[in-house]
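Following our numbering, the numbering of the sequence shown begins with -8 at its first residue and continues without gaps. Here a beta-carbon is modelled for each residue, glycine too, at the ideal position from N, C-alpha and C. For clarity, every value in this text was computed on a predicted model and none was experimentally measured. What follows is one structure encoded as structure tokens, with my remarks underneath.
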Amino acid sequence: MGLANIFLERDLALIEINPLVITTQGDLICLDGKLGADGNALFRQADLREMRDQSQEDPREAQAAQWELNYVALDGNIGCMVNGAGLAMGTMDIVKLHGGEPANFLDVGGGATKERVTEAFKIILSDDNVKAVLVNIFGGIVRCDLIADGIIGAVEEVGVNVPVVVRLEGNNAELGAKKLADSGLNIIAAKSLTDAAQQVVAAVEGK
């Protein structure tokens, strides 16, 4: 029960004793143990938070966490910026379906503001393997034309020098797509998610 209590009381994601040795006398010896804290619950665990060693974390993931962005590095060359974890996973699936390889999982969450999009671009482009970026945003409460303004401002501020394919869906999506097309920047406004995946894969392949 002790392990179970610790798991619950400390908001752990993992608690493991490995290896566990049984001696010839029948005694149990724990040779090693591992604990993994749930990062989303650290606000409740001040003492665990103080022990956090960011030097042991992926620098991009640590930077993303400071902006409350969910980022996971992968091995591909197509950067993905999406709002919503489910939509992000679907986006990666369709990129792979069309022959591409995602370079990351990045969920900007509900607030796709210029500041958050700018930081997201910085994080994605800090990976030298990234040859193009796919932005897939669903505008619900936030209008797509305002999201487009944020994307344009972020691309200008960061100085993005790889192709950026953007698919906007939702409130004022057509106006947002027009703003992207009229921006004069290296931004491709996609008509659908399938079109976006095809466009970004073609951009990486130089087509």
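Query raised in the report: How is Met72 classed by DSSP in three states: helix, strand or coil?
Result: Translated into positions along the sequence shown, residue 72 becomes position 81. In the structure shown, Met72 sits in a strand (DSSP, three-state: E or B).
Query raised in the report: In the segment 91 to 129, which residue ranges form an unbroken beta strand (DSSP E) of at least 3 residues, counting only runs that do not cross its ends?
Result: Inside the segment 91 to 129, DSSP marks whole beta strand (DSSP E) runs of 3 or more residues at positions 95 to 98, from first to last along the chain.
Query raised in the report: Does DSSP put Glu160 in a helix, in a strand, or in coil?
Result: On the sequence shown, position 169 is the one that residue 160 refers to. Looking at Glu160 - three-state DSSP - the assignment turns out to be strand.
Query raised in the report: Sorted by chain position, which residues of the same chain lie with C-beta nearer than 8 Å to Pro10's C-beta, five sequence neighbours on each side aside?
Result: In the sequence shown, counting from the first residue as 1, residue 10 sits at position 19. Listed in chain order, the non-local C-beta contacts of Pro10 below 8 Å within the same chain comprise Leu22 and Asp23, local neighbours out to five positions each way being set aside.
Query - N-terminal and C-terminal residue of the beta strand (DSSP E) that Val133 is part of - result: For the purposes of this step, residue 133 is taken as the residue at position 142 of the sequence shown. From DSSP, Val133 is part of no beta strand (DSSP E); its letter is neither H nor E.
Query raised in the report: Unbroken beta strand (DSSP E) runs of length 3 or more, entirely within the segment -2 to 64: which are they?
Result: Residue ranges of uninterrupted beta strand (DSSP E) with 3 or more members, entirely inside the segment -2 to 64 and ordered along the chain, are 3 to 8, 11 to 13, 19 to 21, 24 to 28 and 61 to 64.
Query raised in the report: Which residue comes first and which comes last in the beta strand (DSSP E) that contains Ala180?
Result: Position 189 of the sequence shown, counted from the first residue, corresponds to residue 180. According to the DSSP assignment, Ala180 belongs to the beta strand (DSSP E) that extends over Ile178 to Ala180.
Query raised in the report: Which residues does DSSP pair with Val155 in a beta bridge?
Result: Along the sequence shown, one-based indexing puts residue 155 at 164. Under DSSP, Val155 forms a beta bridge with Val124 and Ile178.
Query raised in the report: Around the C-beta of Gly70, are 16 or more other C-beta atoms found within 10 angstroms, so that it is buried, or is it exposed?
Result: Sequence index remark: in the sequence shown, residue 70 carries index 79 (1-based). Gly70 counts as buried, since at least 16 other C-beta atoms from the protein chains shown sit within 10 angstroms of its C-beta.
Query raised in the report: What is the DSSP secondary structure of Glu196, reduced to helix, strand or coil?
Result: For the purposes of this step, residue 196 is identified with residue 205 of the sequence shown, where counting begins at 1. Taken through DSSP and simplified to helix, strand or coil, Glu196 comes out as coil.
Query raised in the report: So Gly144 packs on Lys170, CB below 8 Å; how close in whole Å?
Result: Within the sequence shown, numbered from 1, the residue matching residue 144 stands at position 153. Within the sequence shown, numbered from 1, the residue matching residue 170 stands at position 179. In this structure, Gly144 and Lys170 do not form a Cβ contact; the two beta carbons are roughly 11 Å apart against a cut-off of 8 Å.
Report task. For Asp136, count neighbouring C-beta atoms within 10 Å of its own C-beta (all shown protein chains included) and say buried if the count is 16 or more, exposed if not. Result -> As a first step, residue 136 is located in the sequence shown; it is residue number 145 there, counting from the start. With 16 or more Cβ atoms within 10 Å of its Cβ, Asp136 is classed as buried.
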